[in-house]
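Numbering (this note's numbering), first residue to last: 553 to 984. Glycine residues also receive a C-beta, built at the ideal position from the N, C-alpha and C atoms. No experiment lies behind these values; they were computed from the predicted model shown.
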Amino acid sequence: MSNLVFVATCDLAGKVRGKAFPVDDLDRRLARGVGWTPTNVQINCFDGIADSPFGSLGDLLLVPDAATRMRAEFGDNVEDWFLGDILTLEGNPWEFCTRSLLKSALERLKTVADVTLLAAFEQEFQVRGKPTIVGDAFGRTGFEAERPLCEELIRQIAAAGFAPDSIMKEYGPNQYEIVIGPEKGVRAADAAVMVRELARSSGRHVGTDVTFAPILDPASVGNGVHIHMSFLDANDNPVTYDAERSGGMSRLTEAFAGGVLKYLDGILAMTAPSVVSYLRLTPHRWSAAYNNLGFRDREASLRICPVTSKDPTAIERQFNLEYRAADAAACPHLALAAIVHAGVQGIEEGLDAPITEEDLSLLSPETLAARDFVRLPESLEQALQRMDANETVKNWFPATFLPVYLAHKESEITHLANMTDLERCAAYACTY
Ligand code: GLU
Ligand code: MG
Numbered sequence: 553m554s555n556l557v558f559v560a561t562c563d564l565a566g567k568v569r570g571k572a573f574p575v576d577d578l579d580r581r582l583a584r585g586v587g588w589t590p591t592n593v594q595i596n597c598f599d600g601i602a603d604s605p606f607g608s609l610g611d612l613l614l615v616p617d618a619a620t621r622m623r624a625e626f627g628d629n630v631e632d633w634f635l636g637d638i639l640t641l642e643g644n645p646w647e648f649c650t651r652s653l654l655k656s657a658l659e660r661l662k663t664v665a666d667v668t669l670l671a672a673f674e675q676e677f678q679v680r681g682k683p684t685i686v687g688d689a690f691g692r693t694g695f696e697a698e699r700p701l702c703e704e705l706i707r708q709i710a711a712a713g714f715a716p717d718s719i720m721k722e723y724g725p726n727q728y729e730i731v732i733g734p735e736k737g738v739r740a741a742d743a744a745v746m747v748r749e750l751a752r753s754s755g756r757h758v759g760t761d762v763t764f765a766p767i768l769d770p771a772s773v774g775n776g777v778h779i780h781m782s783f784l785d786a787n788d789n790p791v792t793y794d795a796e797r798s799g800g801m802s803r804l805t806e807a808f809a810g811g812v813l814k815y816l817d818g819i820l821a822m823t824a825p826s827v828v829s830y831l832r833l834t835p836h837r838w839s840a841a842y843n844n845l846g847f848r849d850r851e852a853s854l855r856i857c858p859v860t861s862k863d864p865t866a867i868e869r870q871f872n873l874e875y876r877a878a879d880a881a882a883c884p885h886l887a888l889a890a891i892v893h894a895g896v897q898g899i900e901e902g903l904d905a906p907i908t909e910e911d912l913s914l915l916s917p918e919t920l921a922a923r924d925f926v927r928l929p930e931s932l933e934q935a936l937q938r939m940d941a942n943e944t945v946k947n948w949f950p951a952t953f954l955p956v957y958l959a960h961k962e963s964e965i966t967h968l969a970n971m972t973d974l975e976r977c978a979a980y981a982c983t984y
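Next comes the structure, spelled out in structure tokens:
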């Protein structure tokens with residue numbers, strides 16, 4: 553039974569927040585939304601409130617998008633909710649609505665290249681508060697230990713209309729990974745949010761506490777969010793692959809990749825936005841440490857993924873690039889907006905994207921610089937500085953956006969200032 557419907561936004565903190573209303577009011581709420589407060593955007597992931605240009609003033613509407621309805625049944629408990637857009641009282645997208653920011657990035661991609669993005673999020677998480685099963689990387693024992701969670705999550709994902717791909721016990725201690733199939737445009741980011749929420753809800757239902765925090769232990773592996781991307785033309789034909797070109801990338805794909813590489817250090821603060829994200833983004837953790845495009849290389853920020861078919865038509869559909877420098881402290885909509893803008897910028901600039909098949913951490917700073925590789929920012933502060941210093945990145949967003957984002961993240965940094973790395977990890981483990 554459920555008489556209440558929840559409408560949510562995934563905000564700058566990557567948190568899913570909103571309000572509930574009686575289901576009988578659904579028609580009215582689909583048209584008019586619920587009231588929302590501008591300063592909410594400055595609530596950080598630890599419940600602190602960053603400097604806000606809005607103070608106590610102003611009003612907004614959070615309007616459910618009818619296409620996003622999620623009715624997840626957990627026994628008698630039904631979680632009925634929508635994702636929505638934040639609009640001004642005049643009905644325009646609000647500058648800090650992450651879903652609207654993604655929509656405008658996707659429109660730019662459409663205008664510049666006449667293609668639609670297909671994206672699939674692969675998300676890692678860890679189970680908390682249970683004994684660690686040792687020696688069980690990708691193990692069957694670890695999988696069976698959490699089979700109730702895995703079964704429930706996959707069932708919920710399918711019931712929600714998404715395509716479950718696979719679920720596994722990952723390499724790290726009590727670490728799992730959930731993969732779903734690609735979705736078009738904004739729905740791909742909606743799906744990423746919903747999968748996280750379904751994992752948390754499934755966990756509550758079966759008695760397992762899960763966390764998507766970027767890393768739990770500085771000495772161990774992190775939880776990545778890997779974003780697989782490909783392109784469809786106006787007739788829904790794949791245009792990502794070209795057998796004749798380097799790495800199999802079409803000209804469009806290579807230019808998009810070139811843009812992501814060129815602007816990667818400027819967007820990282822939006823795709824890996826926590827203080828501990830930078831403990832994960834270090835060499836030899838299979839995450840990302842340089843702005844390189846690797847051919848089937850799991851240490852690269854951007855990876856050309858393998859295809860498993862011999863049939864040329866199937867290869868064209870399967871071929872995709874994977875962005876690996878993201879984690880679940882990031883709002884999927886904001887992360888994807890930043891990546892798409894960087895890619896479109898690359899298309900506009902006609903960039904190339906050299907492919908690497910080597911360990912860049914072995915190269916000297918001079919060699920790296922000569923080959924146009926940069927070590928990615930090594931702290932959130934550094935990533936924010938690079939973002940703030942990059943006029944091109946700034947211009948992709950409304951003029952008001954970056955100062956607010958910076959203040960938001962600075963409040964998070966301040967909250968953690970006097971903690972050790974391990975304490976910081978523990979703080980994020982509770983909040984994501
Ligand atoms: N755990 C790794 C990360 O932090 C990814 C491992 C893999 O699936 O390749 O991104
Ligand atoms: Mg993985």
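Three-state secondary structure (DSSP) of residue i
| i | result |
| --- | --- |
| A877 | strand |
| F685 | At residue 685 the sequence reads Ile, which differs from the Phe that was named. Coil. |
| G737 | coil |
| K567 | coil |
| Y984 | coil |
| T693 | helix |
| T663 | helix |
| D788 | coil |
| L813 | helix |
| M822 | helix |
| F808 | helix |
| L968 | coil |
| E704 | helix |
| G713 | coil |
| E698 | coil |
Beta bridge counterpart(s) of residue i as assigned by DSSP
| i | result |
| --- | --- |
| K655 | In the DSSP output, where bridge partners are listed per residue, K655 has none listed. |
| S772 | According to DSSP, which records beta bridges pairwise, S772 is partnered with nothing at all. |
| S782 | L670 |
| Y793 | M801 |
| D561 | For the record, residue 561 in the displayed sequence is Thr; it is not Asp. According to DSSP, T561 bridges with R569. |
| E729 | E676, M720 |
| L556 | P574 |
| I767 | G774 |
| V745 | According to DSSP, V745 bridges with nothing at all. |
| D761 | R680 |
Cβ distance (whole Å) where residue i is taken to contact residue j below 8 Å
| i | j | result |
| --- | --- | --- |
| F648 | V575 | F648 to V575, Cβ: 28 Å. No contact. |
| Y957 | P766 | Incorrect: roughly 18 Å between the Cβ atoms, too far for contact. |
| T823 | A882 | 5 Å |
| P929 | A935 | 4 Å |
| V630 | E674 | No, V630 and E674 are not in contact; Cβ-Cβ is about 28 Å, not under 8 Å. |
| V791 | V667 | 6 Å |
| P734 | A740 | 7 Å |
| G818 | N942 | 4 Å |
| I779 | L888 | 7 Å |
| F585 | P616 | The identity of residue 585 in the sequence shown is Gly, whereas the question assumes Phe. Correct: roughly 7 Å between the Cβ atoms. |
| T589 | G636 | Wrong, their Cβ atoms sit about 14 Å apart, outside the cutoff. |
| L669 | V892 | 6 Å |
| A821 | A840 | That pair is no contact at about 14 Å. |
| V762 | V679 | 6 Å |
| H960 | A602 | 5 Å |
| I856 | G776 | Wrong, their Cβ atoms sit about 17 Å apart, outside the cutoff. |
| S829 | N596 | Actually they are not in contact, since the Cβ atoms of S829 and N596 sit about 14 Å apart, beyond 8 Å. |
| D563 | T650 | 7 Å |
| Q782 | A624 | Correcting the residue type first, residue 782 is Ser in the shown sequence and not Gln. So it is not a contact: roughly 28 Å between Cβ atoms. |
Entirely enclosed beta strand (DSSP E) segments - the segment 825 to 894, minimum 3 residues: 845 to 847, 854 to 856, 873 to 878
Minimum length 3: unbroken beta strand (DSSP E) runs contained in the segment 574 to 657: 586 to 588, 612 to 616, 622 to 626, 629 to 640
By C-beta, the residues closer than 7 Å to any heavy atom of the ligand MG, given in chain order: With 7 Å as the limit between CB and the heavy atoms of the ligand MG, the residues that fall short of it are E674, E676, E722, E729, G776, H778.
Every unbroken beta strand (DSSP E) inside the segment 893 to 965 [3 residues or more]: List check, beta strand (DSSP E) in window: nothing returned.
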